[in-house]
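Those sequence lines, one after another, are chains A and B.
With UniProt numbering applied, the first sequence covers 1 to 297.
With UniProt numbering applied, the second sequence covers 1 to 297.
Note that CB positions come from ideal geometry on N, CA and C, so glycine has one too.
This one's a predicted model, so the numbers in the text were calculated from it and none came from an experiment.
Everything below concerns the one structure shown next.
Number of protein chains: 2
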Amino acid sequence: MKPDSVFKKAFNRTLQLVEAGDVDIGATSENALRARIGVSRTTVRKVLSELDARGITQATGKRPRAGKPILKSDYFPDPETTSKRQHVEEQFMEWMLRGDTQPGTLINELQLARQFGVATNGIREFLIRFSRFGLIEKKQNSGWLFKGFTEEYALELFEIRVMFELRSAVLFSELPDDSPFWTELAELKTAHQQLLLEIGRRFHDFSRLDNRLHRLINRAAPNRFIDDFYEVITLIFHYHYQWNKKDELQRNEAAIREHLAYIDALSSGDAHEIERACLRHMTSARTTLVRSIDGAG
Amino acid sequence: MKPDSVFKKAFNRTLQLVEAGDVDIGATSENALRARIGVSRTTVRKVLSELDARGITQATGKRPRAGKPILKSDYFPDPETTSKRQHVEEQFMEWMLRGDTQPGTLINELQLARQFGVATNGIREFLIRFSRFGLIEKKQNSGWLFKGFTEEYALELFEIRVMFELRSAVLFSELPDDSPFWTELAELKTAHQQLLLEIGRRFHDFSRLDNRLHRLINRAAPNRFIDDFYEVITLIFHYHYQWNKKDELQRNEAAIREHLAYIDALSSGDAHEIERACLRHMTSARTTLVRSIDGAG
DNA sequence: GGCTTGCATATTACTTATAAAAAACAACTT
DNA sequence: AAGTTGTTTTTTATAAGTAATATGCAAGCC
Chain A
1 MKPDSVFKKA
11 FNRTLQLVEA
21 GDVDIGATSE
31 NALRARIGVS
41 RTTVRKVLSE
51 LDARGITQAT
61 GKRPRAGKPI
71 LKSDYFPDPE
81 TTSKRQHVEE
91 QFMEWMLRGD
101 TQPGTLINEL
111 QLARQFGVAT
121 NGIREFLIRF
131 SRFGLIEKKQ
141 NSGWLFKGFT
151 EEYALELFEI
161 RVMFELRSAV
171 LFSELPDDSP
181 FWTELAELKT
191 AHQQLLLEIG
201 RRFHDFSRLD
211 NRLHRLINRA
221 APNRFIDDFY
231 EVITLIFHYH
241 YQWNKKDELQ
251 RNEAAIREHL
261 AYIDALSSGD
271 AHEIERACLR
281 HMTSARTTLV
291 RSIDGAG
Chain B
1 MKPDSVFKKA
11 FNRTLQLVEA
21 GDVDIGATSE
31 NALRARIGVS
41 RTTVRKVLSE
51 LDARGITQAT
61 GKRPRAGKPI
71 LKSDYFPDPE
81 TTSKRQHVEE
91 QFMEWMLRGD
101 TQPGTLINEL
111 QLARQFGVAT
121 NGIREFLIRF
131 SRFGLIEKKQ
141 NSGWLFKGFT
151 EEYALELFEI
161 RVMFELRSAV
171 LFSELPDDSP
181 FWTELAELKT
191 AHQQLLLEIG
201 RRFHDFSRLD
211 NRLHRLINRA
221 APNRFIDDFY
231 EVITLIFHYH
241 YQWNKKDELQ
251 RNEAAIREHL
261 AYIDALSSGD
271 AHEIERACLR
281 HMTSARTTLV
291 RSIDGAG
């Protein structure tokens, strides 16, 4: 049976939009709402009829009208709004990164399936998807081998990352002066400066800026393989840093300064300067990752 | 139900070994045979009892002894010895590359499953595995989009390939003089020269040499992400060239000469020369691929 | 004619089931 | 004691089945 997490998420999202006054149910067509939420009309209709069933709207005659106010308890709990796939990812990452899973461990589909409460198929699909992260390896007609989230892994990851980043940075700096990317870069610079001022309170926001900057640079001359690789980096960082909070403020503050230097170098168009600034940032990011791996293991 | 293709392949392999006089069933332990064929002992025992059941061996008392001679008809037909997974790959590649499938086509799991005669699960697993080749893309809660085996694809592929190859070539050339890799390189050079002499008859053998050379170069300083990427290249070339035979002899002859120049450059240790030879080979390989895409589409 | 909703159909995201194959265990043989 | 075979248990590779979701088509409305 397929879970109804799509519906539940859509329902929650609709409640949000209504509460925020962003959407007037009575005046919005099914199709407009569909586009807004990003699901099919079938799901939107299910949401509308649920709203009705709960008395949050009243479908007297044609158009629904506001009924009962929306309560916190009307929202579906978060875990019910995410797909099994998402659950598996989260639980696997936790098992791997936090569970002190040793390099060389054999991964057992059946056991993970029981442990995570899903069918083996879901585990297998996840593992296939995950295998491109270079951390696991399939053994023919047998299980999977966990190769370990090791220093070696981090170094290999960064070797590629540096190559890609340097390539993209140079291409970015060669964009014509009237390219809209320069405007975006300027905006990002401001956002960095702003964050630096409020670093004490908002240091968590750095990872979003980090992502935006690197994605922007890669967008100047897109290459699907580089994009894919960047997804690897994003996921690794997402989970790894989520559980390694040590010195986060200082690390992020330093990284912001590196970003600012990098942004200035890009604007300058001086290839040598770009390489220097880029490498400095990459090196410190690598050091941070390697250090946190050592610390964790 | 799980197919018994592993057993059938193991059975055929055993017949081969016995026919070649490589293995004496009577004198070989189950475990030794297992190691030789690369399957579990369970499967080996199944093979042995099938041999017995057919009278190819006679298990009078303890050790089996030779019985009837082995006939061609004793072998299982090839298609029964490959896994469903392999079938799906082959059929999908054919559908995609030869079926004139247009960029933008939506891939329907159910339809492919029916077309290929497998369960949807198998299709889905294949597509997930295949998605890292950058040719298809998942649409959330919906099907997959075929992005097209286009010139743009080939160019993006080669942009990365050139970066990786240059990196590995330089690292290779810096190996110490007594590294065993130099011996391997020398052997490969001889093999190339040999093939050049017999190019008229054996030009198909080039792709194997091509693979060996590039893998050797990458092995000097391994990086799992580069290895993975090379698998993408290998698969693309494997299928694409399988169906594009135009000018194959001339293309391969030219490529062999490029390889020889590349090998010499590597041995010389002259970074500039290496870059030149490497780029020349990469450029001509790219041209070949792009041309055959245009020709096919 | 374009936009709406109602309805029917197709496809996906799962779960459960099963034979094949691998792995683990035990008993036996040199 | 190490290697062999017999037996049992576990795990994988696949198929079949099902509710949720997406998609397509038709009819109605401004």
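Tell me, please, which residues DSSP counts as bridged to Ala66 (chain A). A:Thr57
Using 9 Å as the threshold, is the C-beta distance between Glu89 (chain A) and Phe130 (chain A) below it? yes
Report back the beta-carbon spacing between Phe172 (chain A) and Ala220 (chain A) to the nearest angstrom; my notes put them in contact at under 8 Å. Indeed, because the Cβ distance is near 4 Å, the residues count as touching under 8 Å.
Please identify the residue among B:Glu273, B:Ala261, B:Glu275 and B:Asp294 whose C-alpha is closest to the C-alpha of Asn244 (chain B). Among B:Glu273, B:Ala261, B:Glu275 and B:Asp294, the Cα nearest to that of Asn244 (chain B) is on B:Asp294.
Spatial distance of Thr57 (chain B) from Lys2 (chain B) (CA atoms): 27 Å
Identify which residue in B:Leu17, B:Ser168, B:Phe7 and B:Asp22 has its Cα closest to the Cα of Ser40 (chain B). B:Phe7
Between which residues of its own chain and Arg212 (chain B) is the CB-CB distance below 7 Å, once the five residues before and five after are set aside? Leu188
Option nearest Glu156 (chain A) by Cα separation, candidates B:Phe116, B:Glu198 and B:Pro222: Checked all of B:Phe116, B:Glu198 and B:Pro222; the closest Cα to Glu156 (chain A) is B:Pro222.
Taking C-beta to C-beta, are Gly134 (chain A) and Ile107 (chain A) nearer than 9 Å? no
Check whether the Cβ atoms of His192 (chain A) and His259 (chain A) lie closer than 9 Å to each other. yes
Tell me whether Lys139 (chain B) sits in a helix, a strand or coil according to DSSP, three-state version. coil
Please list, in chain order, the chain B residues whose beta carbon lies closer than 7 Å to that of Glu159 (chain A). Listed along the chain, the chain B residues whose CB falls inside 7 Å of the CB of Glu159 (chain A) are Asn223.
Best match in A:Tyr230, A:Asp270, A:Arg224 and A:Ser207 for proximity to Gln242 (chain A) [C-alpha to C-alpha]: When A:Tyr230, A:Asp270, A:Arg224 and A:Ser207 are compared, the shortest CA-CA separation from Gln242 (chain A) is found for A:Ser207.
Given that a residue counts as buried once 16 or more other Cβ atoms are within 10 Å of its Cβ, and exposed if not, what is Ser168 (chain A)? buried
Within the same chain, show all residues whose beta-carbon is closer than 6 Å to that of residue 313 (chain A), passing over the 5 residues directly before and after it, in chain order. In the structure displayed, chain A extends from 1 to 297; residue 313 (chain A) sits before or after that span and is not available.
Own chain residues within Cβ distance below 6 Å of Thr14 (chain A), not counting five before or after: Val47
For His214 (chain A), count neighbouring Cβ atoms within 10 angstroms of its own Cβ and tell me buried if that reaches 16, exposed if not. buried
If the cut is a Cβ gap below 8 Å, which residues of chain B does residue 298 (chain A) touch? Residue 298 (chain A) is absent from the model: chain A starts at 1 and stops at 297.
Sorted by chain position, which residues of the same chain lie with C-beta nearer than 6 Å to Lys124 (chain B)'s C-beta, five sequence neighbours on each side aside? Checking the sequence shown, residue 124 (chain B) turns out to be Arg, not Lys. Glu109, listed in sequence order.
Going by C-alpha to C-alpha distance, which of B:Gly26, B:Leu97 and B:Ala277 sits closest to Ala254 (chain B)? B:Ala277
Is the beta carbon of Arg132 (chain B) less than 9 Å from the beta carbon of Arg132 (chain A)? A contact, by the Cβ cut-off of 9 Å.
Hey, Gln274 (chain A) and Val170 (chain A): beta-carbon distance below 9 Å or not? The sequence shown places Ile at residue 274 (chain A), rather than the Gln named in the question. The answer is yes: Cβ separation under 9 Å.
Using 10 angstroms around the beta-carbon of Thr287 (chain A), count the other beta-carbons present and answer buried if the total reaches 16, otherwise exposed. exposed
Check each residue of the segment 5–33 of chain A: if its Cβ is closer than 8 Å to any Cβ of chain B, include it; give the result in chain order. Cβ contacts with chain B: Val6.
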